[in-house]
Amino acid sequence: MAKLLVICGTGVATSTVVVGKVRTWLEENGIQNSVQLFQGKVAEELTHLDDYDVVLSTTIVPDNVKDRVINGVPLLLGIGTEAVWQELRTRIDAANS
Amino acid sequence: MKTADTEVDFNSYFSPDLVFLDVPWATRADVFTELEKALVAKGVVTAGYANDLIEREVKYPTGLKVPGLNVAIPHADPVHLVNPFIAFIRPLHPVPFGVMASTADDTLEASIIIVLGLSKDSLQLRALQAVIGLITKEGSAQTLQGSGDVTSILDALREEFSKPS
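Protein sequence lines, in the order shown, are assigned to chains A and B.
Residue numbering for the first sequence follows this note's numbering, starting at 89 and increasing by one per position.
Residue numbering for the second sequence follows this note's numbering, starting at 31 and increasing by one per position.
Pasting the structure below:
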């Protein structure tokens, strides 16, 4: 099962919106049982990113982890979401293969 | 109309004296300092709130780009918050803000600044959903950037914030 982490500054507001959108998307695609969702604060999770297969962030992350992290702001706003869903799908499939 | 316990009534968070249209505040520091003056005079925050916003914005920038509109939604931990509020600021000239979740040097010119002075976590979520609903709504860019009177801005805010989650 792929582990997907959503992080924001406080682990409260923006990440909660994104988690909700991701959950809906997983269900719409019938893959909710192949992904485990986690939510947290960027400051606490930065050293644990390797524990997850996919990481979405709605806040700035340091350059050294940028490649590991997908920008979640399009999901927050509901604008330009398609590219993010595709990227998510690719990483989830890779983790579950 | 009866509201459930979990519903929040944001009506009291808005007031005409927290809508600042076409103010000559040129930088983030200007915006937060001038806003703090108004908020302190109103008894809504204590001195130090502007600094909280400035520091928070450096760590976690809040600039958002939506079609036809650049917005910033500054907020801070409620250390200096006395009463919750939501302030609407439309600077005379757009003010640079960092872009949310982007690189440290990525900025946008915010023409609208909505400051969320909220205390509880659940309210932050509701308020955030309302703000996003407002700024991504068809026609909003025009209303928020073009409207000449405080009442129509307040109406637009209250309408979106009164929607059930």
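All residues carry an ideal CB built from backbone N, CA and C; glycine is no exception.
Contact note: Ser145 (chain A) reaches chain B through Ala131, using a C-beta cutoff of 7 Å and chain order. If you check the CB distance, Pro126 (chain B) and Gly147 (chain B) do not come in under 7 Å. Secondary structure of Val74 (chain B) (DSSP, three-state): coil. Judged by their CB atoms, Thr169 (chain A) and Gly160 (chain A) are not nearer to each other than the 7 Å cut-off. The Cβ atoms of Ala171 (chain B) and Leu99 (chain B) lie closer than 7 Å to each other. Excluding sequence positions up to five before and after Thr63 (chain B), its CB lies within less than 7 Å of the CB of Ala80, all in the same chain and listed in chain order. DSSP, read as helix, strand or coil, puts Glu168 (chain B) in coil. The Cβ atoms of Ser149 (chain B) and Pro121 (chain B) do not sit closer than 7 Å to each other.
Between Asn159 (chain A) and chain B, the shortest Cβ-Cβ separation is below 7 Å.
A Cβ-Cβ separation of about 19 Å leaves Val130 (chain A) out of contact with Leu176 (chain A) under the 8 Å criterion. By a beta-carbon distance limit of 8 Å, Pro104 (chain B) contacts Ile143 (chain B). Their separation comes to about 7 Å. Secondary structure at Val100 (chain A): coil, using DSSP grouped into helix, strand and coil.
In this structure, Lys91 (chain A) lies away from Leu163 (chain A), with their beta-carbon atoms at least 7 Å apart. Here Ala134 (chain B) really is in contact with Ile148 (chain A); their C-beta atoms are around 6 Å apart, less than 8 Å. In the three-state reduction of the DSSP assignment, Val161 (chain B) falls in the helix class. For Asp179 (chain B), no CB of chain A lies under 7 Å from its own CB, so it is not counted at the interface with that chain. Collapsing the DSSP output to three states places Pro194 (chain B) in coil.
The three-state secondary structure of Lys95 (chain B), taken from DSSP, is strand. The three-state reading of DSSP puts Ala131 (chain A) in helix, counting H, G and I together. Under the DSSP assignment, Val172 (chain A) falls in the alpha helix (DSSP H) whose first and last residues are 169-184. About 7 Å separates the beta carbon of Glu66 (chain B) from that of Val75 (chain B), a gap short enough to meet the 8 Å contact definition. Thr92 (chain B) sits close to Ala102 (chain B), with the two beta carbons spaced by under 7 Å. Assignment of Asn117 (chain A) by DSSP, reduced to helix, strand and coil, places it in the coil class.
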